[in-house]
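Visitor: Chains as they are written, first to last, in the working numbering: chain H, 30 to 259; chain Y, 30 to 259.
Each residue gets a CB set at the ideal place from its N, CA and C atoms; glycine is no exception.
Have a look at the structure that comes next, please.
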């Protein structure tokens, strides 16, 4: 460990990961933001990630290319259509086609590698298990199992120097609570991008799961979302 | 699960992973081999992986580019020199600079994603915890923790359909035993590549940890290695 606490923060450019990065900065971590260009159809989120990383004072922002389309199997990377207009009940039923196989496992593994080269023990990820799409790799039991594995996988764990910690400050917050926390942390909402299926001009569709969850969160928090919908 | 058992087999092109693939084939798995172009200085191993995958009848062979050099921190991907001529005692002391941070965690995570899109539950990796370089992510306790995490990370685990299994058939074999097993499974040793630091003509150096372990294995097994040393 270095004197100054260093952390790796996964950053998609969406509301949750941006709030998570702001939270880590408030906790006085020097943050290395990590984003992935993985073949997502909403690749425009990487521009948002760049803006957010700069605005929140990340020490460095790495955008790593990793083409998950070679495996296929998701509406976010393949040719399957993104579902629109689903209600809360529908979202609660099973895992949707926007699930990307093992995505958070892959992203956390790469964050772990980055952290190890920085000799950092702290990794932040903005997963949420309340107002979410039902992805298995957002659940607290998954995160706990990943953390345990990470401490057996790396030099630091073996040499007993330090323990890897996966921080999930948003895990138990509702979307409205995340919006309120983001406001308290001065996150510039207008810089973030949540939509899975933006139009050619980059405007959010307003109807995919991610848009619907975001809109519901702002509405319940009583805060206006500056993001423009198509 | 499909009727025919499908497996994802990590394949570097070295002796161990080639033997592991041959073992999976003998167990009648239909094998999808997965290799990584990760910035390794011994990139020539990918040619070996292609030859081996074809010779052993893999259904498909995916070589995925993933540039781990963006993180640095290893003699295998960075500018640090590969250590030569180390004795067994020296190898037993601590983790060498050829360790690539979180490499097996990353490779297994990507194998997990590939397996999930194939609806396969079986992943093979040729890790060995006897005649090895002391990497933390080759140890049985790491593999067990990864397997547990994988079953919480994926659709199949959540829906209780099937359990992910990480197969490590070489884990407890000495290098000599691996050589004998490879011979029994008709692995063509001449197709494989183990050296971390080959010369421009692709010949093995004979002095890095990987070469030394390989040479010791063949010697103890009383089998001639057709690989040419510089």
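How close, in whole Å, do the beta carbons of residue 62(Y) and residue 44(Y) come, if the pair is a contact with beta carbons under 8 Å?
Guide: Between residue 44(Y) and residue 62(Y) the Cβ distance is about 15 Å, and since that is not below 8 Å, they are no contact.
Visitor: Take residue 143(H) as the anchor and find which of 251(H), 253(H) and 36(H) has the nearest alpha-carbon.
Guide: Of the listed residues, the one whose Cα sits closest to residue 143(H) is 36(H).
Visitor: To the nearest whole angstrom, what separates the beta carbons of residue 260(H) and residue 60(H), a pair I think is in contact under 8 Å?
Guide: There is simply no residue 260(H) to check, as chain H begins at 30 and stops at 259 in what is shown.
Visitor: Extract the residue ranges of the beta strand (DSSP E) inside the stretch 169 to 242 of chain Y, only unbroken runs of 3 or more that lie entirely within it.
Guide: Listed in chain order, they are 194 to 196.
Visitor: Does the distance from the C-beta atom of residue 159(H) to that of residue 195(H) stay below 9 Å?
Guide: No, they are not a contact pair.
Visitor: Here's the rule: buried if 16 or more other CB atoms are within 10 angstroms of the residue's CB, otherwise exposed. What is residue 47(H)?
Guide: With 16 or more other Cβ atoms within 10 Å, it is buried.
Visitor: What three-state label does DSSP hand residue 124(Y) in the structure shown?
Guide: Looking at residue 124(Y) - three-state DSSP - the assignment turns out to be coil, as it is neither helix nor strand.
Visitor: Using DSSP's beta-bridge definition, name the partner residues of residue 153(Y).
Guide: Paired residues: 38(Y) and 196(Y).
Visitor: Count the other CB atoms, across all protein chains shown, that sit within 10 Å of the CB of residue 246(H); report buried if there are 16 or more and exposed otherwise.
Guide: Buried: at least 16 other Cβ atoms inside 10 Å.
Visitor: With a threshold of 9 Å between beta-carbons, can residue 112(H) be considered close to chain Y, or not?
Guide: No, no contact with chain Y.
Visitor: Step through the CB atoms of chain H and report whether any lies within less than 9 Å of the CB of residue 78(Y).
Guide: Judged by the 9 Å Cβ criterion, residue 78(Y) is not in contact with chain H.
Visitor: Once DSSP output is grouped into helix, strand and coil, what is the label at residue 77(H)?
Guide: Three-state result, residue 77(H): helix.
Visitor: Does any residue of chain H have a CB that is nearer than 9 Å to the CB of residue 184(Y)?
Guide: Residue 184(Y) counts as touching chain H.
Visitor: What residues of chain Y sit near residue 93(H), judged by a beta carbon separation below 7 Å?
Guide: Neighbours of residue 93(H) on chain Y, chain order: 99.
Visitor: Using the three-state DSSP reduction, which class does residue 89(Y) fall into: helix, strand or coil?
Guide: Note: residue 89(Y) maps to strand in three-state DSSP.
Visitor: Give the straight-line distance between the Cα atoms of residue 161(Y) and residue 242(Y), rounded to the nearest whole angstrom.
Guide: When rounded, the distance between both Cα atoms is 7 Å.
Visitor: According to DSSP, is residue 47(H) part of a helix, a strand, or is it coil?
Guide: Note: residue 47(H) maps to helix in three-state DSSP.
Visitor: Have a look at 258(H), 173(H) and 193(H) and flag the residue whose alpha-carbon is nearest the alpha-carbon of residue 131(Y).
Guide: When each option's Cα is compared against that of residue 131(Y), the closest is 193(H).
Visitor: Using a beta-carbon distance cut-off of less than 8 Å, what residues from the stretch 155 to 172 of chain Y approach chain H?
Guide: Listed in sequence order: 165, 166, 168, 170 and 171.
Visitor: Name the one or two DSSP bridge partners that residue 60(Y) has.
Guide: For residue 60(Y), which the question treats as bridged, DSSP gives the partners 36(Y).
Visitor: Count Cβ pairs between the stretch 106 to 116 of chain H and the stretch 63 to 82 of chain H that sit closer than 8 Å; are there 3 or more?
Guide: They touch, by the three-pair rule.
Visitor: In terms of residues, what are the limits of the alpha helix (DSSP H) holding residue 132(Y)?
Guide: Residues 132 to 147.
Visitor: Does the separation of the CB atoms of residue 203(Y) and residue 249(Y) fall below 9 Å?
Guide: Taking 9 Å as the Cβ cut-off, residue 203(Y) and residue 249(Y) qualify as a contacting pair.
Visitor: Does residue 86(H) pass the burial test, meaning 16 or more other C-beta atoms within 10 Å, or should it be called exposed?
Guide: Label assigned to residue 86(H): exposed.
Visitor: At the level of alpha carbons, what is the spacing between residue 97(H) and residue 106(H)?
Guide: Roughly 7 Å between the two C-alpha positions.
Visitor: Short of 9 Å Cβ to Cβ, which residues in the stretch 58 to 69 of chain H face chain Y?
Guide: Correct list: empty, as no residue qualifies.
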